[in-house]
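Heads up: the sequence shown at position 151 corresponds to 1602 in our numbering, and the numbers run straight through without jumps. From the three backbone atoms N, C-alpha and C, an ideal C-beta is built for every residue, glycine too.
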Amino acid sequence: MKLHIGAGTSPIAGWTNVDILPYPGVDAILDVTQGLPFTDVEMIFAEHFLEHLTLADGLRFLADCRRVLNDDGVLRVSTPNLDWVWLTHYKPPTDMTPDEQLLGCLEINRAFHGWGHRFLYNRRMLRSALERSGFRDFVECEYGRSAHAALNGLERHELSDGVPGSPSVLIVEVSGRLAVETGPFDTAIAPYVRDFGTN
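In structure tokens, the structure reads:
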């Protein structure tokens, strides 16, 4: 079984397309924050979906992906890069004209809250969240490219020009199993999980 989470209006043939709304081509209408009712899944693909969950729901979703994937299963996640948003939408106020300050404020708020976004990740946060969810192996990927034939050419969301070292979108594939122990990640993010849990 291969799951396409947040399929929306772009279902993938041969995959189980999952969405909270009954779009044409959706095979399973689910609120994934309530858990994934699947087992022995081979692959999961979630493009521009994770950022629509609160931090708390996102962490639970990633852990649930690890739970339902088989031992060799792969999760491919594509999500906007917070670092790119910051670098391209904002500069120090002293370097900005009054008009740029106005537009910068509007644009960065749109990046955070527009299109139903709830929480944006940078590389470090995404990797930490995936490791804390029980994934061992972490591979950064290019748009539309994968070492796994079934994961090649799946992205449909538009891609913006990146800046050196900061692509506009983070695309990762994770697999393997990592024993999860409470540690610095949990301590550091605990107050933020509460703060971002319902917002």
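Check                                                                                                                                                                                 : Outcome
Any idea if tryptophan 1566 is buried or exposed, counting beta-carbon neighbours within 10 angstroms, 16 or more meaning buried?                                                     : exposed
Would you report the Cα separation of serine 1584 and leucine 1526, rounded to the nearest angstrom?                                                                                  : 12 Å
Leaving aside the five residues before and after arginine 1517 along the sequence, list all residues of the same chain whose C-beta is less than 7 Å from its C-beta, in chain order. : Ser1584, Gly1585, Phe1586
In angstroms, rounded to a whole number, what distance separates the CA positions of asparagine 1650 and leucine 1571?                                                                : Any reading at asparagine 1650 needs caution, since the residue's pLDDT is 48, under 50, leaving its predicted position unreliable; the model's value is listed next. Going by the C-alpha atoms only, they are around 13 Å apart.
In chain order, what residues of the same chain lie with their CB nearer than 7 Å to the CB of glutamate 1493, ignoring the 5 residues before and after it?                           : Met1452, Lys1453, Asn1521, Gly1524
Can leucine 1504 and threonine 1484 be called in contact, C-beta distance under 8 Å?                                                                                                  : yes
What is the rounded straight-line gap between the Cα of aspartate 1478 and the Cα of leucine 1610?                                                                                    : 27 Å
Since valine 1528 contacts valine 1623 with CB under 8 Å, what's their CB separation in whole angstroms?                                                                              : 5 Å
Identify every residue that forms a DSSP beta bridge with tyrosine 1572.                                                                                                              : Asn1532
Could you tell me which whole beta strand (DSSP E) segments of length 3 or greater appear in the segment 1462-1503?                                                                   : 1467-1470, 1492-1498
When you compare only the Cα positions, how much space is there between glutamate 1502 and threonine 1548?                                                                            : 31 Å
Output needed for serine 1461: all residues of its chain with C-beta closer than 7 Å, excluding positions within five of it in sequence on either side, in chain order.               : Arg1607
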